[in-house]
Amino acid sequence: MESCVEELSSLFETAVRPYSGREPSDLREQVFLRDLGVQAVAPLQQVIREVRQDIAAHAIIVQHPHCIAHLHTPPLLSGIAAESFIAAQNLSMDSWDQSGSATFVEQRVVDHLCTLFGYLPEADGVFTSGGTQGNIMALLTARDWFLWTHHGHRARRDGMPDFFPRLRIIASAKSHFTVDKAAFIMGLGQRGVVKVRTGNDGAMDMEELASTVESLRQEGLIPFAVVGTAGTTDHGAIDDLQRIGEISRAHGLWFHVDGAYGSALVLGRHRHRLAGIEQADSMVADFHKLWFQPVSCGALLFREGERFRHLLYQAEYLNRETDDLPNLVDKTISTTRRFDALKVYMMLRAVGTEVLGEMIDHLLGQAREVAEAIRRRRMFELLAEPSLTTILFRYTGPMPGTDIDAFNRRLRAGLLKHGIAVLGETTVQQRAALKLTLLNPCLAAEDFDSLLDNIAAFAARVYSE
Numbered sequence: 006m007e008s009c010v011e012e013l014s015s016l017f018e019t020a021v022r023p024y025s026g027r028e029p030s031d032l033r034e035q036v037f038l039r040d041l042g043v044q045a046v047a048p049l050q051q052v053i054r055e056v057r058q059d060i061a062a063h064a065i066i067v068q069h070p071h072c073i074a075h076l077h078t079p080p081l082l083s084g085i086a087a088e089s090f091i092a093a094q095n096l097s098m099d100s101w102d103q104s105g106s107a108t109f110v111e112q113r114v115v116d117h118l119c120t121l122f123g124y125l126p127e128a129d130g131v132f133t134s135g136g137t138q139g140n141i142m143a144l145l146t147a148r149d150w151f152l153w154t155h156h157g158h159r160a161r162r163d164g165m166p167d168f169f170p171r172l173r174i175i176a177s178a179k180s181h182f183t184v185d186k187a188a189f190i191m192g193l194g195q196r197g198v199v200k201v202r203t204g205n206d207g208a209m210d211m212e213e214l215a216s217t218v219e220s221l222r223q224e225g226l227i228p229f230a231v232v233g234t235a236g237t238t239d240h241g242a243i244d245d246l247q248r249i250g251e252i253s254r255a256h257g258l259w260f261h262v263d264g265a266y267g268s269a270l271v272l273g274r275h276r277h278r279l280a281g282i283e284q285a286d287s288m289v290a291d292f293h294k295l296w297f298q299p300v301s302c303g304a305l306l307f308r309e310g311e312r313f314r315h316l317l318y319q320a321e322y323l324n325r326e327t328d329d330l331p332n333l334v335d336k337t338i339s340t341t342r343r344f345d346a347l348k349v350y351m352m353l354r355a356v357g358t359e360v361l362g363e364m365i366d367h368l369l370g371q372a373r374e375v376a377e378a379i380r381r382r383r384m385f386e387l388l389a390e391p392s393l394t395t396i397l398f399r400y401t402g403p404m405p406g407t408d409i410d411a412f413n414r415r416l417r418a419g420l421l422k423h424g425i426a427v428l429g430e431t432t433v434q435q436r437a438a439l440k441l442t443l444l445n446p447c448l449a450a451e452d453f454d455s456l457l458d459n460i461a462a463f464a465a466r467v468y469s470e
């Protein structure tokens with residue numbers, strides 16, 4: 006362990022770029038040339054040095070100020086410390102006899118989260134690998150709940166009814182792709198998700214949502230769930246959760262909130278933007294995003310915990326019906342599962358919600374400052390006002406006669422290839438966009454000035470070639 010600490014310290018202290026700039030083909034050759042057979046076994050300390058030199062040195066340095074592409078945070082020290090316990094003890098959270106006290110830690114953290122988001126005591130939850138798993142589990146449960154509640158059909162016992170192909174999920178046009186993936190997994194395909202248009206701010210149009218529910222029913226289709234988003238991946242947009250909750254309740258639909266990104270607002274002075282989340286039948290939070298935890302760490306919460314019964318399967322060797330002690334496998338589609346709740350437990354104990362809220366508030370304010378810095382530079386165009394901590398912009402030159410979309414795609418790839426910056430790329434109103442995602446509260450204005458200067462200088466170089 007001391008060798009690991011030494012090598013990691015050296016890595017971070019000497020990293021001058023977010024990526025080494027090595028050609029991917031060279032890295033692949035270097036990795037695949039390493040012999041993994043019995044004859045190549047070496048002392049652990051030697052292997053640690055090799056990993057530092059051959060792998061870690063050429064991986065993306067998430068901690069670097071110019072690594073700012075994705076919802077991918079430098080982790081808090083409390084999370085790294087928790088990972089040490091998690092890896093060394095190697096507990097599995099599916100059954101009591103594989104986890105012991107860890108079961109109660111997860112339940113304690115889940116109860117705390119339910120209270121934090123305004124749920125009543127009957128709420129419950131479970132830790133997941135992240136928003137993808139959480140969204141899929143929530144929508145699978147929503148389907149089976151709807152079939153039983155509205156049609157008296159037991160999906161787990163009898164499979165899907167004849168009218169199953171008419172079921173529909175409603176989500177915004179900017180919802181996460183895992184909503185579509187959930188529809189695919191449950192057999193509805195892409196047509197199973199009906200997308201509601203969004204405004205210029207990226208949030209769902211509430212009038213269209215209400216009319217969509219009615220029009221689907223008039224067409225003989227059966228909406229069963231509405232997905233609201235608290236923090237879209239690109240715009241950081243937050244849907245009107247209060248109104249979605251009202252519409253869902255009026256029509257007897259399951260209301261799910263994808264809070265993978267924006268759920269952390271509950272910790273700071275922007276929590277009012279999550280108003281209505283307490284109405285959600287289910288919600289997900291990703292702690293490896295704006296909660297500053299190591300990958301992977303997420304949670305799925307249900308407003309009524311008894312609805313986890315739709316996910317319950319029992320095995321005689323694992324979670325017997327006669328067991329007196331809790332087996333958390335009862336609440337998830339996973340079996341073997343890491344003790345990720347410890348990361349959140351240690352964060353709450355060592356950092357606390359007040360400091361976490363201040364960190365998040367700082368990042369939201371900083372995003373607005375960076376947007377202003379971009380606006381002041383004539384070579385850039387700000388494409389949207391920041392809602393959370395993402396900034397959408399592009400380089401415009403002047404570059405007479407240049408395809409600006411193609412140039413910005415080339416620019417992002419070049420910045421990464423040369424190890425200058427790791428930026429995101431997306432599309433905003435059919436225009437190619439660069440994206441900054443602020444998740445490091447330790448950065449200062451000077452770091453962003455340097456980043457923007459480097460982008461502009463490299464862009465000018467690329468244009469002149």
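Using my numbering, the first residue of the sequence shown is number 6, and each one after it goes up by one.
We put the beta carbon where it would ideally sit given N, CA and C, even for glycine.
Looking at the DSSP output, Cys72 bridges to Val427. Around the CB of Glu12, 16 or more other CB atoms lie within 10 Å, so the residue is classed as buried. For the pair of segments examined, the region 394-411 was found not to touch the region 41-50: the number of CB pairs separated by less than 8 angstroms stays below three. Relative to the Cα of Thr183, the nearest Cα in the group Gln138, Lys422 and Ile252 belongs to Gln138. Scanning the region 9-39 for uninterrupted beta strand (DSSP E) segments of 3 residues or longer gives nothing; none is fully contained. The C-alpha of Asn140 is placed about 40 angstroms away from the C-alpha of Asp40. According to DSSP, Thr133 shares a beta bridge with Gly303.
Around the C-beta of His240, 16 or more other C-beta atoms lie within 10 Å, and the residue is accordingly described as buried. Exposure of Glu359 is indicated by the presence of fewer than 16 other C-beta atoms within 10 angstroms of its C-beta. Of the residues assessed, Met288 falls on the buried side of the cut-off, its CB having 16 or more other CB atoms within 10 angstroms.
Listed in chain order, the non-local C-beta contacts of Leu32 below 7 angstroms within the same chain comprise His63, local neighbours out to five positions each way being set aside. Ranked by Cα distance from Phe453, the first of Ala464, Cys72 and Met98 is Cys72. The Cβ-Cβ distance between Lys422 and His77 does not fall below 9 angstroms. In terms of Cβ geometry, Ala464 and Leu416 form a close pair [threshold 9 angstroms]. For Glu386, the enclosing beta strand (DSSP E) begins and ends at Phe385 to Leu387. With a beta-carbon spacing of about 44 angstroms, Leu305 and Val467 fall beyond the 8 angstroms limit used to define contacts.
When the alpha-carbon of Ile60 is set against those of His75, Arg27 and Tyr322, the nearest one is in Arg27.
Ranking Ser134, Asp102 and Gly273 by CA distance to the CA of His367 puts Gly273 first. Short of 7 angstroms from the beta carbon of Gly225, and not among the five residues preceding or following it, lie these beta carbons of its own chain, in chain order: Arg171. Straight across, the Cα-Cα distance linking Val110 with Ala346 is about 7 angstroms.
The beta carbon of Ala107 is closer than 6 angstroms to those of Leu96 and Phe344 in its chain, skipping five residues each way along the sequence.
If you look at Arg173, you'll find it in the beta strand (DSSP E) that goes Leu172 to Ser177.
Taking C-beta atoms as the reference points, Ile175 and Thr120 fail to come closer than 9 angstroms.
In the DSSP assignment, Lys440 forms a beta bridge with Leu397 and Gly429. CA-CA distance, Ala389 to Ser25, rounds to 31 angstroms. Around the Cβ of Asn413, a 10 Å sphere holds 16 or more other Cβ atoms; the residue is buried. Closest in alpha carbon position to Leu118, among Met352, Val300, Thr146 and Arg148, is Met352.
Taking the C-beta atoms as reference points, Leu444 is found no nearer than 9 angstroms to Met98. Segment contact: the region 316-329 against the region 87-96, fewer than three CB-CB distances shorter than 8 angstroms; contact not assigned. Around Leu38, the same chain offers no residue with a beta carbon nearer than 7 angstroms, after the five sequence neighbours per side are excluded.
Put simply, of Arg173, Gln434, Val115 and Ala462 the residue whose alpha carbon is nearest the alpha carbon of Met384 is Ala462.
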